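J.:
2 protein chains.
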Amino acid sequence: MTPLIDRLRRRGWRMTPQRRVIAEAMTGEHVHMTADEVLRHAREVLPEVSRATVYNTLNEMVSIGELLEITHADGRKRYDPNVADHHHHLLCVECGRMLDVHVDDPALTADQQHGFHILGVEVTFRARCPECASAA
Amino acid sequence: MTPLIDRLRRRGWRMTPQRRVIAEAMTGEHVHMTADEVLRHAREVLPEVSRATVYNTLNEMVSIGELLEITHADGRKRYDPNVADHHHHLLCVECGRMLDVHVDDPALTADQQHGFHILGVEVTFRARCPECASAA
DNA sequence: CCTTAGATTAGACTCAGTCCAAGGTGAGAT
DNA sequence: ATCTCACCTTGGACTGAGTCTAATCTAAGG
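Going line by line, the protein sequences match chains A and B. Using the numbering used here, the first residue of the first sequence is number 390, and each one after it goes up by one. Using the numbering used here, the first residue of the second sequence is number 390, and each one after it goes up by one.
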């Protein structure tokens with residue numbers, strides 16, 4: 390029983406085996422899986438999980454704030470279970486590996502705000518990881 | 390003749406009417422069109438432009454560094470002609486309006502770098518624009 | 001152990017973007 | 001001016017991520 394499963398149950402979620410294996414996959418820092426990776430992971434434990442259920446479950450978890458949705462340059466959405474601890478991302482542009490990093494949020498000066506009401510800020514460092522750098 | 394068209398010609402690009410109308414659309418600050426918007430824009434001037442040509446041309450301009458490609462939460466790519474002046478983005482999460490903003494790049498402390506070689510950083514402020522704020 | 005609201009499913013569908021092979025054309029060479 | 005051909009454009013088929021739907025199934029409260 391992961392804390393996430395426990396929180397979902399407390400929210401009144403019906404805890405099906407499908408939801409359980411999906412929630413179990415979504416645990417830890419530096420976890421940024423695509424829907425397809427979550428599906429593969431889930432099927433290792435419960436082979437009959439459907440693609441639709443993975444999409445349904447991930448979207449529901451995003452909408453209640455239990456997952457962050459990240460859209461990376463290739464257009465595929467990634468899901469980040471590390472919602473408790475505010476952070477940004479360090480992305481290897483070659484292999485796609487992504488790590489959580491902690492940096493102070495940049496702030497807009499009043500004249501740069503253009504009258505917008507700021508809700509949040511996302512920072513992504515584009516980089517090459519040590520493995521890809523040595524392979525090059 | 391926009392400066393972009395001039396630069397493309399100097400690079401040896403064959404200047405076709407299709408490329409000309411696409412390049413003319415991609416001019417200015419705060420321009421962040423999707424491929425489909427570029428296509429619509431181009432067809433107002435030259436109705437027979439094909440979708441494939443718009444995609445070809447935009448991708449070629451990105452690969453020579455004359456356009457920036459931005460991937461926004463909805464997964465569609467946007468194209469930003471403002472490459473001369475380093476900047477970040479302010480995005481209205483309701484209507485999708487996007488403005489260029491100038492902020493200092495955040496930096497990673499050595500221990501947050503995880504041995505990666507940093508290539509650049511992207512900052513996006515998620516916000517609500519004045520129009521959407523007053524409509525709500 | 002019944003009941004039923006809510007969950008799961010396969011597969012059709014959408015939408016952005018890519019690919020292809022055939023035909024068209026800009027612009028340097030003559 | 002016009003020839004030539006390497007490069008460009010095109011419609012349509014294709015791909016891959018994600019959504020939707022209608023039929024079926026099931027977790028869990030009574």
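Cβ atoms here follow ideal geometry from the backbone N, Cα and C, with glycine treated the same way. Remember, it's a predicted structure, so these values are computed and weren't measured experimentally.
Take the Cβ of alanine 412/B as the centre, count every other Cβ of all protein chains shown within 10 Å, and call the residue buried at 16 or more, exposed below.
T.: For the purposes of this step, residue 412/B is taken as the residue at position 23 of the second sequence. Under this definition alanine 412/B is a buried residue.
J.: Quick one: using the 10 Å Cβ neighbour count with 16 as the cut-off for buried, is valine 434/B buried or exposed?
T.: Here residue 434/B refers to the residue found at position 45 of the second sequence. Answer is exposed; the Cβ neighbour count stays below 16.
J.: Where does alanine 496/B sit, in a helix, a strand or coil, going by DSSP?
T.: By one-based count along the second sequence, residue 496/B stands at place 107. Residue state, collapsed to three classes: coil.
J.: So, using beta-carbon positions, are phenylalanine 514/A and leucine 488/B closer together than 8 Å?
T.: Walking along the first sequence from the start, residue 514/A turns up at place 125. Walking along the second sequence from the start, residue 488/B turns up at place 99. Not closer than 8 Å, so no.
J.: Quick check: is any heavy atom of the ligand MG less than 7 Å from the C-beta of proline 406/B?
T.: The ligand content of the structure shown is nil, which means the ligand MG is not present either.
J.: Expressed to the nearest angstrom, what Euclidean distance is found between the alpha-carbon atoms of valine 472/A and leucine 457/A?
T.: As a first step, residue 472/A is located in the first sequence; it is residue number 83 there, counting from the start. As a first step, residue 457/A is located in the first sequence; it is residue number 68 there, counting from the start. Valine 472/A and leucine 457/A: Cα-Cα distance of roughly 7 Å.
J.: I want to verify the contact list: residues of chain A whose CB lies under 8 Å from the CB of leucine 497/B, in sequence order.
T.: Your numbering for residue 497/B matches position 108 in the second sequence. What leucine 497/B touches in chain A: Leu479, Val490, Val492, Phe514.
J.: Would you identify the three-state DSSP class for histidine 430/A, choosing helix, strand or coil?
T.: Mapped onto the first sequence, residue 430/A falls at position 41. Three-state result, histidine 430/A: helix.
J.: When the cut-off is 8 Å and only beta carbons count, does threonine 423/A lie next to chain B?
T.: Taking the first residue of the first sequence as 1, we reach residue 423/A at position 34. Answer no: the Cβ-Cβ gap between threonine 423/A and chain B never drops below 8 Å.
J.: Confirm, please, whether the CB-CB distance from valine 492/B to valine 512/B is below 8 Å.
T.: Translated into the one-based positions of the second sequence, residue 512/B becomes position 123. Translated into the one-based positions of the second sequence, residue 492/B becomes position 103. Yes, the pair counts as a contact, with Cβ atoms nearer than the cut-off.
J.: Using a Cβ-Cβ cutoff of 8 Å, what residues of the segment 430-461 of chain A are near chain B? List them in chain order.
T.: Glu458, Thr460, His461
J.: Quick one: complete alpha helix (DSSP H) runs, 4+ long, within the segment 433-473 of chain B?
T.: 440-452
J.: Verify the CB distance criterion: does cysteine 484/B have a CB-CB separation below 8 Å to chain A?
T.: Taking the second sequence and counting its residues from 1, the one referred to as residue 484/B is at position 95. For cysteine 484/B, the nearest beta carbon of chain A is not closer than 8 Å to its own beta carbon.
J.: Starting from threonine 405/B, follow its DSSP beta bridges and name the residues at the other end.
T.: Locating residue 405/B in the second sequence gives position 16, where the first residue counts as 1. Partner(s): none; threonine 405/B has no beta bridge.
J.: Exposed or buried, valine 421/A, counting other C-beta atoms within 10 Å across all chains shown (16 or more means buried)?
T.: Position 32 of the first sequence holds residue 421/A. Here residue 421/A turns out to be histidine, not valine, going by the sequence shown. Histidine 421/A is buried by the Cβ-count criterion.
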